[in-house]
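See structure below.
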Amino acid sequence: MTAQPSQASIEAMSRAVYEQCLQAPSDYLFSVSELQDLVPGKNNLELTQKVLNELLRTRSLSALTRGSQTVFRAVPKDFAEKVKNMTADEEMLYGYIQESAREGIWTKQLKMKSNMHSTAVNKALKGLERKKYIKSIKSVNHPARNIYMLYELTPSIEVTGGPWFTDSELDKEFVNELLTAITKFMISKSFPKLPTRGAIGSFPPGYTGYPTLNQVYLWVKSSNLTEVDLAEADIRSLLDVLVYDGKIERVVGGTAYRAVRRPDSVNGFTESPCGRCPVFNLCKEGGPVSASNCVYFEDWLNA
Amino acid sequence: MSQNATELCVLLVKDIYGEVSSRVVSVLLELGRLPVSQLVRQLKLPEKIIKQTLAVLIQQHLVVHFAHLETGQEVVYYECEWTQVYELLRAGRIIRAVEERFGNNGALIVSNLLQLGHARVSDFIAAYGTSTKKSKITVNGKSDALTIEDESPITSIETLKSVMADMLKERFLVQVQEHHMHIRTDTQNTLRAQLISQLRKSQLSENKLGKEVDRQMKIKMQELADGDISEHAGMKRKVAPASKPRSKKRQKVSIYDLIEQEEEEEWEINENIVLRVNHEKFLVLFRNAELVSLAEGRHGKVSSQVYAEFLKRLEGKYFRCRELYSADDDEEEDPKKRIKLSVLELSKTFSKDIDLENSIVAAPRPPKKKARKRSYSDDEGEDKPRTNGYKKKVNGKGKCRQSDSEDDGDDDDDLSDLEELNDDDDEEGIDAENRKKKHRMELLKQHMQLLAEDSWKFVRLESNRGLGEWSVNYKELGKLMRHIELEKVVEETFGEMGLRLLRIIKDKGKLEEKQVASIALLKQKEIRSILTGLQENGYLHLQEVPKTSIPQVSRTYFLWFHDSDRAIQSLITDTHKAMSRAIQRTNVERTKRSSLLEKWERTDVQANVEEYLTTSEKRELEIWLSREEKLLCQLMRLDKTMMILRDF
Numbered sequence: 001m002t003a004q005p006s007q008a009s010i011e012a013m014s015r016a017v018y019e020q021c022l023q024a025p026s027d028y029l030f031s032v033s034e035l036q037d038l039v040p041g042k043n044n045l046e047l048t049q050k051v052l053n054e055l056l057r058t059r060s061l062s063a064l065t066r067g068s069q070t071v072f073r074a075v076p077k078d079f080a081e082k083v084k085n086m087t088a089d090e091e092m093l094y095g096y097i098q099e100s101a102r103e104g105i106w107t108k109q110l111k112m113k114s115n116m117h118s119t120a121v122n123k124a125l126k127g128l129e130r131k132k133y134i135k136s137i138k139s140v141n142h143p144a145r146n147i148y149m150l151y152e153l154t155p156s157i158e159v160t161g162g163p164w165f166t167d168s169e170l171d172k173e174f175v176n177e178l179l180t181a182i183t184k185f186m187i188s189k190s191f192p193k194l195p196t197r198g199a200i201g202s203f204p205p206g207y208t209g210y211p212t213l214n215q216v217y218l219w220v221k222s223s224n225l226t227e228v229d230l231a232e233a234d235i236r237s238l239l240d241v242l243v244y245d246g247k248i249e250r251v252v253g254g255t256a257y258r259a260v261r262r263p264d265s266v267n268g269f270t271e272s273p274c275g276r277c278p279v280f281n282l283c284k285e286g287g288p289v290s291a292s293n294c295v296y297f298e299d300w301l302n303a
Numbered sequence: 001m002s003q004n005a006t007e008l009c010v011l012l013v014k015d016i017y018g019e020v021s022s023r024v025v026s027v028l029l030e031l032g033r034l035p036v037s038q039l040v041r042q043l044k045l046p047e048k049i050i051k052q053t054l055a056v057l058i059q060q061h062l063v064v065h066f067a068h069l070e071t072g073q074e075v076v077y078y079e080c081e082w083t084q085v086y087e088l089l090r091a092g093r094i095i096r097a098v099e100e101r102f103g104n105n106g107a108l109i110v111s112n113l114l115q116l117g118h119a120r121v122s123d124f125i126a127a128y129g130t131s132t133k134k135s136k137i138t139v140n141g142k143s144d145a146l147t148i149e150d151e152s153p154i155t156s157i158e159t160l161k162s163v164m165a166d167m168l169k170e171r172f173l174v175q176v177q178e179h180h181m182h183i184r185t186d187t188q189n190t191l192r193a194q195l196i197s198q199l200r201k202s203q204l205s206e207n208k209l210g211k212e213v214d215r216q217m218k219i220k221m222q223e224l225a226d227g228d229i230s231e232h233a234g235m236k237r238k239v240a241p242a243s244k245p246r247s248k249k250r251q252k253v254s255i256y257d258l259i260e261q262e263e264e265e266e267w268e269i270n271e272n273i274v275l276r277v278n279h280e281k282f283l284v285l286f287r288n289a290e291l292v293s294l295a296e297g298r299h300g301k302v303s304s305q306v307y308a309e310f311l312k313r314l315e316g317k318y319f320r321c322r323e324l325y326s327a328d329d330d331e332e333e334d335p336k337k338r339i340k341l342s343v344l345e346l347s348k349t350f351s352k353d354i355d356l357e358n359s360i361v362a363a364p365r366p367p368k369k370k371a372r373k374r375s376y377s378d379d380e381g382e383d384k385p386r387t388n389g390y391k392k393k394v395n396g397k398g399k400c401r402q403s404d405s406e407d408d409g410d411d412d413d414d415l416s417d418l419e420e421l422n423d424d425d426d427e428e429g430i431d432a433e434n435r436k437k438k439h440r441m442e443l444l445k446q447h448m449q450l451l452a453e454d455s456w457k458f459v460r461l462e463s464n465r466g467l468g469e470w471s472v473n474y475k476e477l478g479k480l481m482r483h484i485e486l487e488k489v490v491e492e493t494f495g496e497m498g499l500r501l502l503r504i505i506k507d508k509g510k511l512e513e514k515q516v517a518s519i520a521l522l523k524q525k526e527i528r529s530i531l532t533g534l535q536e537n538g539y540l541h542l543q544e545v546p547k548t549s550i551p552q553v554s555r556t557y558f559l560w561f562h563d564s565d566r567a568i569q570s571l572i573t574d575t576h577k578a579m580s581r582a583i584q585r586t587n588v589e590r591t592k593r594s595s596l597l598e599k600w601e602r603t604d605v606q607a608n609v610e611e612y613l614t615t616s617e618k619r620e621l622e623i624w625l626s627r628e629e630k631l632l633c634q635l636m637r638l639d640k641t642m643m644i645l646r647d648f
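Chains as they are written, first to last, in the UniProt record's numbering: chain W, 1 to 303; chain Z, 1 to 648.
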């Protein structure tokens, strides 16, 4: 029998094993026998046990079960560092929060999952927040909920609602401003000025120089319209809205856009007093509202 | 037909033909077809008066009739043709259109025919011959609105006849046939009965028989609707006045050839035929005008002029806006049946007054071929569309102007390029005249291409023959125009947001409120009220899809969708109502001033307005006249919307 290894040597060994484990791919799962091979001293069960215990204590490894077997995963260094500073409660919550990734997790769900008392949860969350491991965010869909996510992550679009949302409220003015600017840009690119008369002409058929999504994107980026970082997909949704507004249309097989002239929004119906009458449905001959006592007609005739 | 349409029709008849006629029409519209005995019971009026009224209405084509054998006796049923009643509104529009094409004589003929309903040519000419312009046939009080002040010298009967013949040829007038006076369903039923008894002999199975009858019915009804479409229908040879109008057999292919044939014999109108105004054909005219104005708003004046000329050429081949019997699908499926016209043909008759130059600007980036020929690729790099907007903005406005002037230069280059291209085509070298012609043709083609490229698809390319053959898909364009009208109304009532929501839902099919909001980049709270507003007006509809087997509001999806037909229908109803209100208001305004108007209409007062009317009366009269004008004008504008919604 060899002499009992000192605590210091076990620590040294465990560090060596941990370093070796980190070499493997991050999700690689080590079995007990594999770890045994890594421990110096050739299948010394007792030593392996001590090293493993040490590793688990320092959170360098985490134990998992695969089938009936116990397997181990190396915990990344920075994470291990963090965990060292946490209490057991905090660590558990941290795990759940980490799982929720960019969606974040609602405190109520945290309580349910962890089976902890709410004061304990709150205390742990406070602790984590203070250490800047997690942060509280606001969701667009559920503005009243307390949602937490890891400090270093940015909330997903579902949570923030994308660049159009400021403080989880749709920023109408911002959207409209961008829409108007893009419309102006599209118009300037869609109708050439004629050499004479200064009238507006058209590009020849088959013209492919209309701005594409990418060009609009680049233009918006370069134009200092906004500080918000807009992705190409965001510009696409703006352009979609403009298409729905009937201000632009897709051309060149849907790859480019051009402005179109809109027909006047007045027709026989909308300009007649009946077309905007708020009580049009009630109006009938002999009823409380009728053509003979209609005030809107009177105003319209006097106008 | 809706209640609102009934109301409108009754008002129209009342305005023009008086109280009794309007009551007859109202009963017929409310209760459907009725025999005289029933009419007497309903109206509590003497039979004689009712019969007289019916005679007038039948003469005007407002009421149609059909005799049925019932228990050995013949019973005549009467039905009101409400579409014809509605057409009364369009008299002014029709006369104006004719005046533009056929001058004063045409207007005179049409206005009289509109008043008379229908008339035999010989009678018409006789009346005209004896009384010339002074005694215009006036049916009722309508003469004011209809008769054209004809200051031109009295036209000879010959010219009148030739104008009439032209109008007949272009189907603005048609020969009155028996079935015009009959109830359409009855005509159809009799025809079907005849066909069935004929085909029974051929021992087809019941199923096949039904299909065969349907097929033949379509053809027969189409023939009835088209009437005589041979070239000399309703005409006779000048030399041999005894000859009858050509056989009514339909000549499917030959009509187009016939038109191109040189006319060898002199033809003139057959004086024995009875003519009426063909409202259907005028609608084709109005539809084209509407399309042209649409194109003008979209592509500017010049393109729309090209479009107008193009549509004018096709006009003769369209008898009506919507074919009732021949399935439109046939036409869509079979490109051969489509009516097309090539640029080459168009250019033959294209008006020389239309300036085609300076409407299309050459692309800032010339086609590749050109870039190769002239090497100014340095310049090109900057003008590339990919970086275009970006760079211009960065460099400031000065750059913008500069590149504009570059464009101008390019334009000229491109034109000369075109000519070069033409030179290549024709090696012999063509004189300036021909070159100009070719250039013009090329421009024409470009305008046609522009119209075809538009997402509204004003025209559609059929083949490349003769610089491109084009056709018009009126069915789709009709849908488009209706939708545009709907969009206008939505935009006016619900603002830009409403329009955006409607178009999103139309495009996507069925959507939840949340999805609508996220596509529209609008707040859910904001759009909710608009969506419900749109629903109240019948432009949007809601579908519930329960998530669970037991329906519960909280566990239900609510999907918004747009049903175009229903939306248009509800808009038509509203428009009918608005039109009724405009007429009613006119009547109210009139009754308010009835005593003044009676005074004013007296002949002695008319002769000396200054003396007999006081200042306040004159002022009041002015107010009335301006108000009447405003209301009538509005009515016509509403009618224009109605045409698009209902008739195109």
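Don't be surprised by glycine CBs; every beta carbon is placed ideally from N, CA and C. From a predicted model like this one, the values you see are computed outputs, not experimental measurements.
- Short of 6 Å from the beta carbon of residue 604 of chain Z, and not among the five residues preceding or following it, lies no beta carbon of its own chain.
- Secondary-structure assignment with DSSP links residue 60 of chain W through no beta bridge to anything.
- Considering only beta carbons, the part of the stretch 260 to 278 of chain W lying closer than 9 Å to chain Z consists of 260, 261, 262, 263, 264, 265, 266, 267, 268, 269, 270, 271, 272, 273, 274, 275, 276 and 277, in chain order.
- With respect to the 8 Å criterion, residue 307 of chain Z and residue 534 of chain Z are not classified as neighbours on the basis of their beta carbons.
- Between the C-alpha atoms of residue 160 of chain W and residue 104 of chain W there is a straight-line separation of about 11 Å.
- Taken in chain order, the complete alpha helix (DSSP H) segments of 4 residues or longer contained in the stretch 509 to 554 of chain Z are 513 to 520 and 524 to 536.
- Residue 447 of chain Z counts as buried, since at least 16 other C-beta atoms from the protein chains shown sit within 10 angstroms of its C-beta.
- Along the length of the stretch 253 to 298 of chain W, whole beta strand (DSSP E) runs at least 3 residues long occupy 256 to 259, reported in chain order.
- Sequence-ordered contacts of the stretch 454 to 478 of chain Z with chain W read 455 [C-beta pairs closer than 7 Å].
- For residue 35 of chain Z, the secondary structure class from DSSP, reduced to helix, strand or coil, is strand.
- Remark: C-beta atoms of residue 489 of chain Z and residue 287 of chain W do not approach each other more closely than 8 Å.
- If you check each beta-carbon in the stretch 478 to 506 of chain Z against every beta-carbon of chain W, the ones closer than 8 Å belong to 484, 485, 487, 488, 489, 491, 492, 493, 496, 499, 500, 503 and 504.
- Residues 33, 64 and 183 of the same chain have their beta carbon placed closer than 6 Å to that of residue 79 of chain Z, with the five preceding and five following residues left out of the count.
- Listed by position along chain Z, the residues whose Cβ is nearer than 9 Å to that of residue 165 of chain W form an empty set, because the closest Cβ is around 10 Å away.
- Here residue 613 of chain Z has 599, 600, 605 and 621 as same chain residues with Cβ atoms under 8 Å from its own Cβ, once five neighbours each way along the sequence are excluded.
- Each of W:232, W:163 and W:52 was checked against the Cα of residue 214 of chain W, and the nearest Cα belongs to W:232.
- Closest by C-alpha distance to residue 581 of chain Z, out of W:273, W:64, W:149 and W:262, is W:273.
- At least one CB atom of chain W sits nearer than 8 Å to the CB of residue 450 of chain Z.
- When Cβ-Cβ separations below 8 Å define contact, residue 287 of chain W makes no contact with chain Z.
- Listed in chain order, the beta strand (DSSP E) runs fully inside the stretch 279 to 318 of chain Z amount to none, counting runs of at least 3 residues.
- Put simply, the CB of residue 202 of chain W is near chain Z, with a gap under 8 Å to one of its CB atoms.
- Residue 212 of chain W and residue 343 of chain Z have their C-alpha atoms spaced approximately 32 Å apart.
- In terms of Cα proximity to residue 45 of chain Z, the closest of Z:20, Z:67 and Z:61 is Z:20.
- Boundaries of the beta strand (DSSP E) harbouring residue 559 of chain Z: 556 to 561, taken from the DSSP string.
- Listed along the chain, the chain W residues whose CB falls inside 8 Å of the CB of residue 515 of chain Z amount to none; the nearest CB is some 13 Å away.
- Using a 10 angstroms sphere on the CB of residue 97 of chain Z, the tally of other CB atoms reaches 16 or more, which defines it as buried.
- Comparing alpha carbon positions, the residue from Z:568, Z:437 and Z:522 closest to residue 485 of chain Z is Z:568.
- Closer than 8 Å to the CB of residue 301 of chain W there is at least one CB belonging to chain Z.
- Its Cα nearest to that of residue 455 of chain Z, the residue Z:477 stands out among Z:644, Z:443, Z:477 and Z:438.
- Only buried fits residue 284 of chain Z, as 16 or more other CB atoms lie within 10 angstroms of its CB.
- Residue 151 of chain W is classed as exposed because its beta carbon has fewer than 16 other beta carbons within 10 Å across all chains shown.
- Going by C-alpha positions, residue 471 of chain Z is about 15 Å away from residue 321 of chain Z.
- In the DSSP assignment, residue 235 of chain Z forms a beta bridge with Z:269.
- The beta carbons of residue 31 of chain Z and residue 42 of chain Z sit closer together than 8 Å.
- With distances taken between CA atoms, residue 81 of chain Z lies nearest to Z:58 out of Z:100, Z:58 and Z:70.
- Bridge pairing for residue 191 of chain W: absent [DSSP].
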